[in-house]
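J.: Numbering-wise (the UniProt record's numbering), the sequence shown opens with residue 1 and increments by one.
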Amino acid sequence: MIDFRYHIVSIVAIFLALAIGIVLGSTVLNAPLVASTEKVTAQLRGNNAELQDRIVLAQTRGGASDTFVAERLPQLVQGALAGERVVVVEAPGADGKLREPVDKLLADAGATISGRVTLTEKYLTTGPATAVDQLTTAVGPTPSIFPSDATPYDKAAAVLAGAIVTTDRTQAGKENPAAVGVLDGFERDGLVSLEGEPGKRATLALVMAPAAAYEGKEAEAQTAAVVALAAGLDAASEGAVVAGVVPTSTAAGVIAAVRADAEASSDVSTVDNADMAFGKAAVVYALREQVAGDAGQYGLASDAAAIGPSPEPTPPPTPTPAAGAGG
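#1: Which two residues bound the contiguous alpha helix (DSSP H) that contains residue 194?
#2: Less than 7 Å between the C-beta atoms of residue 237 and residue 205, yes or no?
#3: Would you mind reading off the limits of the alpha helix (DSSP H) that contains residue 100?
#4: Residue 84: buried (16+ other C-beta within 10 angstroms of its C-beta) or exposed?
#5: Based on DSSP bridge pairs, tell me the residues matched to residue 210.
#6: Suppose contacts are defined by Cβ-Cβ distances below 7 Å. Is residue 259 in contact with residue 303 by that definition?
#7: With C-beta atoms as the reference, is residue 240 less than 7 Å away from residue 268?
#8: Using DSSP with H/G/I as helix, E/B as strand and the rest coil, what is residue 201?
#9: Can you give me the C-alpha to C-alpha distance between residue 228 and residue 154, rounded to a whole angstrom?
#10: Any idea what DSSP makes of residue 240, helix, strand or coil?
#11: What is the C-beta distance between residue 110 and residue 82, in whole angstroms, given that I count them as a contact (C-beta under 8 Å)?
#12: Between the alpha carbons of residue 311 and residue 67, how many angstroms are there, rounded?
#13: Is it buried or exposed for residue 11, if we count other Cβ within 10 angstroms and need 16 for buried?
#14: Out of 150, 285, 280, point me to the one whose CA is closest to residue 224's CA.
#15: On the DSSP bridge assignment, give the partners of residue 116 in chain order.
#16: Specify the secondary structure class of residue 11 as computed by DSSP and reduced to three states.
#17: Below 6 Å CB to CB, which residues in the same chain sit around residue 275 once its five sequence neighbours on both sides are set aside?
#18: Which residues bound the beta strand (DSSP E) around residue 269?
#19: So, helix, strand or coil for residue 306, using DSSP?
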């Protein structure tokens, strides 16, 4: 008969066998396992170090290239915008550190900066959309001038553009009699702030995009408002360029929104690396390209068509000979 002592001995034997198995297994397998793990770890460390070296090399080369361009930027853009007047329009959130470099860039290119119009946060907030609409109606043309599907920001863009840009070179540097009170009204209502004399109209517009995509439930509408302004400025002038930094070319950013809009991107140019020297050169060349009637999407983002436009000016179209002309 099996007694209690037999059960105890059996249980002890089972645990003893398990312990011996664990010891033997760890002794036999431990060394190969550790060696394999150490080998994989060494390979990963090597791969990581190689990738880091490549990144450092790419950054060094990129920095050296940008430094090279920066040192020669005044010569690269010299005279590219001679005779042009440019108005700078800043969206809320634009990188303030780009102001001075952009002003110098335009001056080096031979352009005259008529002034700066900075949109305030109030311009883009949801509530004042009604205020924008009311103000636009009050200071702008009769409502029948606007398309029936025009948004408040489409209307604001058209009215502001009429006050600060022109397609008529003979009117450049002059105020628009039909837009008297527009800028004062927008400034008085806290929708814009003004520097210089933007009312003395420019032939080109440079829109500085926000440094980062807008956030929150109204972000899409706010982005659309800036796109509408860029399109309005382009329609009323010889051309408009939207410039910013790479983050604003992300899917939710202003530059990406321009590029995703087939109609806007066919007219308005964009540059997504205006914080870099060769991006600044691209801004100037893109403005000059606008004068020639062309548009392009430039920079480093995946949706950019090229690094920049050709540094050589686009030749004017060849006049078509008159019918019946002979020689």
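Glycine residues also receive a C-beta, built at the ideal position from the N, C-alpha and C atoms. Note that the structure is predicted; figures quoted are calculated from it, not measured.
T.: So, from the listed chains and residues:
#1: Segment 192 to 196 is the beta strand (DSSP E) holding residue 194; no alpha helix (DSSP H) there.
#2: yes
#3: That run of the alpha helix (DSSP H) goes 99 to 108.
#4: buried
#5: Beta-bridge pairing links residue 210 to 94.
#6: Going by C-beta atoms, residue 259 is nearer than 7 Å to residue 303.
#7: Closer than 7 Å, so yes.
#8: coil
#9: 6 Å
#10: strand
#11: 4 Å
#12: 18 Å
#13: Residue burial is scored here from C-beta neighbours: residue 11 has fewer than 16 other C-beta atoms within 10 angstroms and is therefore classed as exposed.
#14: 150
#15: 88, 195
#16: helix
#17: 245
#18: Start and end: 269 to 271.
#19: strand
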